[in-house]
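**Student:**
Numbering (our numbering), first residue to last: 2 to 170.
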């Protein structure tokens with residue numbers, strides 16, 4: 002179950018400049034789940050201990066933040082298209098993504114992965130050649146090479162440089 006608010010704004014201060022921003026604040030909890038049947042054990046002492054542990058695990062999972070869930074997110078991205086004769090078709094863009102503390106283990110409601118912010122920067126050019134639309138861009142993702150974890154035991158992607166060229170048919 003989740004309750005919260007999400008706001009997205011797109012703004013164009015001029016024809017060649019766009020800004021996109023979003024903010025999300027949620028309260029997310031696991032309110033119901035399907036659990037396996039409780040197995041039986043021939044020894045009543047072990048059965049009672051197993052039942053107690055099983056019920057404790059169920060109680061930890063219910064009303065906990067689901068694993069890998071961040072309750073706060075924010076994004077800001079901007080792109081500027083150059084319009085001068087020498088730079089016609091060239092553009093630059095950049096922004097960041099903020100991810101708040103993220104639940105690491107549902108069974109431990111106090112264990113969270115740290116919040117992190119990654120920054121991206123892209124430069125590109127769009128043009129037409131022989132009636133075809135072309136685009137090329139060079140992007141740096143995770144510009145500051147922030148170490149972060151997407152989920153428990155899953156490291157985020159380090160800084161990387163990508164070059165892409167595309168056309169439309």
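Note that beta-carbon positions come from the ideal geometry of N, C-alpha and C, so glycine has one too. These numbers come from a predicted model, not from an experiment.
1. Is residue 150 helix, strand or coil by DSSP?
2. Do you know how far the Cα of residue 17 is from the Cα of residue 120?
3. Below 8 Å between beta carbons: does that hold for residue 105 and residue 153?
4. For residue 8, which residues from the same chain have a beta carbon less than 6 Å from its beta carbon, with the 5 sequence-adjacent residues on both sides left out?
5. Does the beta-carbon distance from residue 74 to residue 96 come in below 8 Å?
6. Would DSSP call residue 2 helix, strand or coil?
7. Whole angstroms is fine: what's the gap from residue 32's alpha carbon to residue 110's?
8. Over the uninterrupted beta strand (DSSP E) stretch that includes residue 142, give me the two end residues.
9. What does the alpha-carbon distance come out to for the pair residue 4 and residue 72?
10. Determine the direct distance from the alpha carbon of residue 161 to that of residue 69, and round the result to whole angstroms.
11. State the start and end residues of the unbroken alpha helix (DSSP H) segment that holds residue 169.
12. I think residue 171 touches residue 79, with their Cβ atoms under 8 Å apart; what is that distance to the nearest whole Å?
13. Ignore the nearest five residues each way along the sequence and tell me which others in residue 138's own chain have a CB closer than 7 Å to its CB.
14. Where do the ends of the alpha helix (DSSP H) carrying residue 61 lie?
15. Which value, in whole angstroms, describes the spacing of the CA atoms of residue 44 and residue 143?
16. Measuring CA to CA, which of 151, 82, 98, 65 is closest to residue 30?
17. Quick check on DSSP: helix, strand or coil for residue 30?
18. Hey, residue 128 and residue 168: beta-carbon distance below 8 Å or not?
**Tutor:** Reading it off the structure:
1. By one-based count along the chain shown, residue 150 stands at place 149. In the structure shown, residue 150 sits in a strand (DSSP, three-state: E or B).
2. Here residue 120 corresponds to residue number 119 of the chain shown, with the count starting at 1. Here residue 17 corresponds to residue number 16 of the chain shown, with the count starting at 1. Their Cα atoms are separated by approximately 22 Å.
3. The count along the chain shown starts at 1 and reaches residue 105 at position 104. The count along the chain shown starts at 1 and reaches residue 153 at position 152. It is a contact, given that the beta carbons lie within the stated cut-off.
4. On the chain shown, residue 8 is found 7 positions in, with the first residue counted as 1. Counting only Cβ-Cβ distances below 6 Å, and skipping sequence neighbours, we find 24.
5. Taking the first residue of the chain shown as 1, we reach residue 74 at position 73. Taking the first residue of the chain shown as 1, we reach residue 96 at position 95. Taking 8 Å as the Cβ cut-off, residue 74 and residue 96 do not qualify as a contacting pair.
6. Mapped onto the chain shown, residue 2 falls at position 1. DSSP places residue 2 in coil when its eight states are reduced to three.
7. By one-based count along the chain shown, residue 32 stands at place 31. By one-based count along the chain shown, residue 110 stands at place 109. Spanning the two alpha carbons is a distance of roughly 14 Å.
8. Reading the chain shown from its first residue, position 141 is the one you call residue 142. Where residue 142 is concerned, the enclosing beta strand (DSSP E) stretches over 133 to 142.
9. Residue 4 sits at position 3 when you count from the first residue of the chain shown. Residue 72 sits at position 71 when you count from the first residue of the chain shown. About 10 Å.
10. The sequence position of residue 69 within the chain shown is 68, counting from 1. The sequence position of residue 161 within the chain shown is 160, counting from 1. Going by the C-alpha atoms only, they are around 23 Å apart.
11. Working through the chain shown from its first residue, we reach residue 169 at position 168. Element bounds for residue 169: not the alpha helix (DSSP H) but the beta strand (DSSP E), 161 to 169.
12. The first residue shown for the chain is 2 and the last is 170, placing residue 171 beyond what the model contains.
13. The residue labelled residue 138 in the question sits at position 137 within the chain shown. Closer than 7 Å at the Cβ level, and outside the excluded window around residue 138, lie 123, 124, 125, 165.
14. For the purposes of this step, residue 61 is taken as the residue at position 60 of the chain shown. Counting along the chain, the alpha helix (DSSP H) containing residue 61 begins and ends at 45 to 62.
15. If you number the chain shown from 1, residue 44 lands on position 43. If you number the chain shown from 1, residue 143 lands on position 142. Roughly 55 Å between the two C-alpha positions.
16. Walking along the chain shown from the start, residue 30 turns up at place 29. Closest by alpha carbon: 65.
17. Taking the chain shown and counting its residues from 1, one reaches residue 30 at position 29. Coil.
18. Taking the first residue of the chain shown as 1, we reach residue 128 at position 127. Taking the first residue of the chain shown as 1, we reach residue 168 at position 167. Cβ atoms of residue 128 and residue 168: not closer than 8 Å.
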